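The number in the numbering used here is simply the position in the sequence shown, starting from 1, with 257 added. A virtual CB, placed ideally from N, CA and C, is assigned to each residue, including glycine. Just so we're clear, the structure is a prediction, and the values are computed from it rather than from any experiment. Since the structure comes first, as structure tokens, the remarks are kept for the end.
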Amino acid sequence: MTTFRWGSATDTGRIRRANEDALLAVDGLFVVADGMGGHRAGEVASHLAVETLQDGFDQAGTDVLVRAVERANREVVERSIADPELAGMGTTIVAMALVDADGRDAIGVVNVGDSRLYLLSDGELHQITEDHSLVATMVRQGRITESEAAVHPQRNILTRALGIDGSVLVDSWEMLPVVGDRYLLCSDGLFNEVDDARIAATLRRLADPDEACRELVRLANESGGRDNITCVMVDVVDDTGRDTSVDIASRVRVAHTGGDAIVEGGTDPAKSADHPRRSASIGASLTWRVGAFVAAVFAIIGLAFGFVWWTGTRTYYVGVDDQENVTIYRGKPGGVLWIQPEVAEVTSVTLSEVPAASRDAVIAGVEEPSLDAAHRYIDNLIEQMASSSTTSTTTSSTTSTTSTVGTSTTAG
Ligand code: MN
258 MTTFRWGSAT
268 DTGRIRRANE
278 DALLAVDGLF
288 VVADGMGGHR
298 AGEVASHLAV
308 ETLQDGFDQA
318 GTDVLVRAVE
328 RANREVVERS
338 IADPELAGMG
348 TTIVAMALVD
358 ADGRDAIGVV
368 NVGDSRLYLL
378 SDGELHQITE
388 DHSLVATMVR
398 QGRITESEAA
408 VHPQRNILTR
418 ALGIDGSVLV
428 DSWEMLPVVG
438 DRYLLCSDGL
448 FNEVDDARIA
458 ATLRRLADPD
468 EACRELVRLA
478 NESGGRDNIT
488 CVMVDVVDDT
498 GRDTSVDIAS
508 RVRVAHTGGD
518 AIVEGGTDPA
528 KSADHPRRSA
538 SIGASLTWRV
548 GAFVAAVFAI
558 IGLAFGFVWW
568 TGTRTYYVGV
578 DDQENVTIYR
588 GKPGGVLWIQ
598 PEVAEVTSVT
608 LSEVPAASRD
618 AVIAGVEEPS
628 LDAAHRYIDN
638 LIEQMASSST
648 TSTTTSSTTS
658 TTSTVGTSTT
668 AG
């Protein structure tokens, strides 16, 4: 008879206000779910998924586990439709369970999203699940390296999750239980903070599963704790005298993985024919986290544009155009980024008529907070010109300024 010993730990981390991860560790069924969604909706999604999986699972086989995940997906979708406050929620799920495989014990494994299942066997750490994330796809396509993925700004973007679409593609594996094997289920809050070498070292060092889980959580917090951290550890303590010499490759009896969600240029038509639903659910799941990200980016860009527009257009200045006419511009002397000053009014006062004391200032551009203030500045210039020049020049200048300046002069 296959028996397990297990332990677990979960923590909010040092930045997040709530823990949206959920876990289950009961004899024969071990689950980690990492929920996402605004205002604690992620918490609802992850717990709902774990509860539904537990309800729908009866150890009859890996296919039962897969169907339980599909049901959990529908539950999350229906709940988010029924409750507007939960709209857009989703969750990852990774689970392992003792199942029957043709009359013998096996370990069934299912995964959707970027939580992980690792196996420590003979001191070596192996990642069993594939992440359904944008960066994992890019790594598999050879576009970025593992270490680039670990620090990639878009490493949160999922290509698959529960709660996005009515149907979901579930990856599954069937493993041989072997005494001494140690399994670790975890959310990305662990492996984004603690690299595989340190995870492996901890799994080798601490025999007690609870203690090892607590230590992993501690390490993740020590490295930043930027996300919720959840670990479930399962040791195979009895396997009814199975052949322990099987290597890792033959330990995996069956594997059904959906492959990469993002297919470049549709190079594999057979693959997409196998999974006709894939493109729809991918579009939706990408929209989910990407949507929030894009909205945030647009908001920031919008604010930046608004600020530049505001500083670039709200003020006026009195300057000189290329015909050496004193001119009122809207904007800043020299412009602000792409916003060039616009001519508001051209006067027929020429630079040579401007009193010498003000000439350099006008050439540089005299900033005024409003059009009226710019008018007053020009009126002032004209007054100075009148007191230091002939009447005819003044009259000529005044009458030939543009109508707005004339109006303003009259009104003032
Ligand atoms: Mn997470």
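Cα-Cα separation between residue i and residue j, rounded to whole angstroms
i, j, result
"T260", "D379", "19 Å"
"V356", "L305", "22 Å"
"N449", "P590", "48 Å"
"S372", "I486", "11 Å"
"N276", "V301", "11 Å"
"L286", "M353", "6 Å"
"G318", "A358", "6 Å"
"T402", "A631", "59 Å"
"I639", "T607", "11 Å"
"D247", "S507", "Shown here, the chain extends from 258 to 669; a query on residue 247 therefore has no answer."
"I596", "A553", "24 Å"
"R535", "G559", "Interpretation of R535 is limited by its pLDDT of 30, a score under 50 that renders its predicted location unreliable; the figure taken from the coordinates is listed afterwards. Spanning the two alpha carbons is a distance of roughly 34 Å."
"S609", "G563", "38 Å"
"V511", "R361", "14 Å"
"M642", "I557", "48 Å"
"D465", "V326", "30 Å"
"T568", "A613", "30 Å"
"R331", "P598", "57 Å"
"A282", "M490", "9 Å"
"A279", "A329", "14 Å"
"I456", "L473", "7 Å"
"M258", "G482", "39 Å"
"W566", "R616", "29 Å"
"C470", "V451", "13 Å"
"L463", "T267", "17 Å"
"V509", "L594", "59 Å"
Where residue i falls: helix, strand or coil (DSSP)
i, result
"V326", "helix"
"H389", "coil"
"H513", "strand"
"D617", "helix"
"V436", "coil"
"A668", "Residue confidence is low: A668 scores 37 on pLDDT, short of 50, so the model does not pin down where it sits. No coordinate-derived value is stated."
"T349", "coil"
"L441", "strand"
Neighbourhood of residue i by C-beta distance below 6 Å, restricted to the same chain and skipping five residues each side
i, result
"G298", "It should be noted that the sequence gives Ala, not Gly, for residue 298. The answer, listed in chain order, is L343 and M346."
"D453", "L382"
"L377", "R439 and L460"
"R412", "V392"
"M395", "I401"
"Y375", "L382, Q384 and L441"
"D291", "D278, T349, S372 and S444"
"D467", "G264"
Opening and closing residue of the beta strand (DSSP E) in which residue i lies
i, result
"A282", "D278 to V283"
"I364", "R361 to V369"
"N478", "Taken as a continuous stretch (DSSP letters only), N478 belongs to no beta strand (DSSP E), being part of the alpha helix (DSSP H) at P466 to E479."
"I456", "Here I456 belongs to no beta strand (DSSP E); instead the alpha helix (DSSP H) covers D453 to R462."
"A306", "Not the beta strand (DSSP E): A306 falls in the alpha helix (DSSP H), residues A298 to G313."
"E602", "E599 to T607"
"E625", "V623 to E625"
"R230", "Shown here, the chain extends from 258 to 669; a query on residue 230 therefore has no answer."
"S429", "D428 to M432"
"R271", "Premise fails: R271 is in no beta strand (DSSP E) and is neither H nor E."
"R587", "N582 to R587"
"T487", "I486 to D496"
"L286", "L286 to M293"
For residue i, the first and last residue of its enclosing alpha helix (DSSP H)
i, result
"Q384", "Counting along the chain, Q384 falls outside any alpha helix (DSSP H), though it belongs to the beta strand (DSSP E) covering E381 to Q384."
"L447", "D445 to F448"
"A406", "E403 to A407"
"I421", "Per DSSP, I421 belongs to no alpha helix (DSSP H) and is neither H nor E."
"R508", "I505 to R508"
Close Cβ partners of residue i (< 7 Å) along its chain, the five nearest in sequence each way excluded
i, result
"H389", "V369, G370, D371, L415, T416, R417 and A518"
"E387", "A393, D428 and T514"
"V323", "V367, V427 and S429"
"A601", "Y573, I585, Y586, R587 and L628"
Expected contact under 8 Å - CB spacing of residue i and residue j to nearest Å
i, j, result
"F314", "V321", "6 Å"
"L442", "V351", "5 Å"
"D496", "W263", "Wrong, their Cβ atoms sit about 15 Å apart, outside the cutoff."
"D578", "V603", "6 Å"
"V334", "G420", "6 Å"
"M432", "A339", "Not a contact, Cβ separation roughly 37 Å."
Same chain only: Cβ atoms within 8 Å of residue i, ignoring 5 sequence neighbours per side
i, result
"G522", "Unreliable placement is indicated for G522, whose pLDDT of 30 sits below 50; the coordinate value is still reported in the next sentence. Taken in chain order, the list of residues that qualify is empty."
"E624", "T572, Y573, Y574, K589 and P590"
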